[in-house]
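Colleague: Below: one structure in structure tokens.
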Amino acid sequence: MTGSADPRIEKAAQLLAHAQRIVCLTGAGVSAESGVATFRNAETGLWSQFAPQQLASQEGFSADPGLVWRWYMHRLDMVERAWPNAGHDALAALERLAASFTLVTQNVDDLHERAGSRRILHLHGRISRFHCNRCHFEHDLLPSERRASEPPACHNCGGLIRPSVVWFGENLPRRVLDHAWREAERCDLLLVVGTSGVVYPAAHLPLVAKQSGARIVDVNPEPSEISALADVFLQGPSGELLPQVTQHVRILQGGAQKQPPPE
Ligand code: APR
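Numbers 1 to 263, taken from our numbering, label the letters of the sequence shown in order.
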């Protein structure tokens, strides 16, 4: 679907332009056009090569800490080589146009930050941060540790250092999750971008928003269970669609920015 005359783009822009409190939930798809692999894409997804439990769980880390370490260093390199795409930029612009905008992301990359988004909640942690798997001591990675084939030892207790991302079977950070839930319950528009909506509790957020009376806009090349809930489903790549939506919001609002650009 292309071309800005598309009525669904218009309708999505109308909903966003008139919303008082916007929450945006993003998944790996928003970073796909930056060259950062998604998880469940059958051909190129990260999980197509490895089993999630093998590489993103305590069991996998205990079984083979070196394999998990090398996989996360590979993903960290991929993220650091990537650049925000037009979809990330459009969401940062939308935040400045909106009266209230909270970005809740499942992504562990920093592409939203690098695009200029400010109010960001990372539900699944950050791949660029590290802590001890035993004592939770925070750890700043040395270049030599980046290149190592095994995880470094904690300076505090000798335990193994791991990335500060949420693994399968682990709880999401409570404070972040509560904040995201409160925002979803208060928003009048939830914009969902690039998530398959299969991993809970993040995937529950659209239902929380819907039950609180919010309208939903979903952006994804593939329909999902969230698309079925959506008032508007924009089928296509977010890097192509979000700039069109944001441009229409800008026109509807007469270009007025409601929030100052980042200093
Ligand atoms: N623009 C928008 N969406 C896209 C694009 C694109 N260019 N390319 C792919 N997508 C969509 C896919 O259609 C899919 O619905 O992005 C979604 C990616 O889904 P997943 O790979 O399942 O990623 P995500 O939904 O973020 O996974 C949630 O699961 O593995 C865990 O912790 C991991 O945070 C992740 C969580």
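Every residue, glycine too, gets a C-beta built ideally from N, C-alpha and C.
From Q53 to D188, what distance separates their C-alpha atoms?
Modeller: For Q53 and D188, the distance between alpha carbons rounds to 36 Å.
Colleague: According to DSSP, A98 sits in a beta bridge with which residue or residues?
Modeller: For A98, which the question treats as bridged, DSSP gives no partner whatsoever.
Colleague: Just the C-alpha distance for W71 and P163, rounded to the nearest angstrom, thanks.
Modeller: Roughly 11 Å separates the two Cα atoms.
Colleague: Closer than 8 Å is the cut-off here; do at least three beta carbon pairs connect the segment 158-173 with the segment 106-125?
Modeller: With the cut-off at 8 Å, the segment 158-173 and the segment 106-125 touch.
Colleague: Would you kindly report the start and end of the unbroken alpha helix (DSSP H) that includes R174?
Modeller: First-last of the alpha helix (DSSP H) with R174: 174-186.
Colleague: With a 10 Å radius around its C-beta and 16 neighbouring C-beta atoms as the bar for buried, classify G3 as buried or exposed.
Modeller: Since pLDDT at G3 reaches only 48, below the 50 mark, its modelled position is unreliable, and the value read off the structure follows with that caveat. G3 should be labelled exposed.
Colleague: Exposed or buried, G66, counting other C-beta atoms within 10 Å across all chains shown (16 or more means buried)?
Modeller: Exposed: under 16 other Cβ atoms inside 10 Å.
Colleague: My understanding is that V199 touches V217, with C-beta atoms under 8 Å, so please give their C-beta distance in whole angstroms.
Modeller: Actually they do not touch by this definition, with Cβ atoms about 20 Å apart.
Colleague: Across which residues does DSSP place E138 in a beta bridge pair?
Modeller: Answer is H131.
Colleague: So, are the CB atoms of G116 and E33 less than 8 Å apart?
Modeller: For G116 and E33, no; Cβs fall outside 8 Å.
Colleague: Can F39 be considered in contact with the ligand APR, in the sense that its beta carbon sits closer than 7 Å to one or more heavy atoms?
Modeller: Yes, Cβ of F39 sits closer than 7 Å to a heavy atom of the ligand APR.
Colleague: Roughly how many whole angstroms lie between the Cα atoms of G60 and Q244?
Modeller: Their backbone Cα atoms lie some 42 Å apart in a straight line.
Colleague: Between the Cα of L16 and the Cα atoms of V30, K210, A98, G35, which residue gives the shortest distance?
Modeller: When only C-alpha atoms are compared, the closest one is A98.
Colleague: Report the CB separation of T26 from T105 in whole angstroms; it is logged as a contact under 8 Å.
Modeller: Confirmed, about 5 Å.
Colleague: Can you name, in chain order, every residue of its own chain whose Cβ lies under 6 Å from the Cβ of A19, other than the five neighbours on each side?
Modeller: Taken in chain order, the residues that qualify are D188, L189.
Colleague: From E43, D89, P206, pick the residue whose C-alpha is nearest to that of W180; which is it?
Modeller: Just to set this straight, residue 180 is Ala in the shown sequence, not Trp. With distances taken between Cα atoms, A180 lies closest to P206.
Colleague: Give the DSSP bridge partners of S117, in chain order.
Modeller: BP columns for S117 are empty, so no partner.
Colleague: Run through DSSP, which three-state label would D89 get?
Modeller: Helix.
Colleague: I need the straight-line Cα distance from E145 to P173, nearest angstrom please.
Modeller: So the two alpha carbons sit approximately 26 Å from each other.
Colleague: Taking the straight line between their C-alpha atoms, what separation do you get for W69 and C132?
Modeller: Looking at the two C-alpha atoms, the distance is approximately 13 Å.
Colleague: Check whether the Cβ of N171 lies closer than 7 Å to any heavy atom of the ligand APR, and answer yes or no.
Modeller: It does not: the Cβ of N171 is nowhere closer than 7 Å to a heavy atom of the ligand APR.
Colleague: Quick one: residues in its chain with C-beta nearer than 6 Å to the C-beta of F266, no 5 flanking neighbours on either side, listed in chain order?
Modeller: The structure shown has nothing for residue 266, since the chain only spans 1 to 263.
Colleague: With a threshold of 6 Å on Cβ separation, who are the neighbours of S212 within its own chain once the five nearest residues in sequence on each side are excluded?
Modeller: Answer for S212: E185, listed in chain order.
Colleague: Are the Cβ atoms of V30 and G194 separated by less than 8 Å?
Modeller: Contact: yes.
Colleague: Answer with buried or exposed for N171, where buried requires no fewer than 16 other C-beta atoms within 10 angstroms of its C-beta.
Modeller: That one is exposed.
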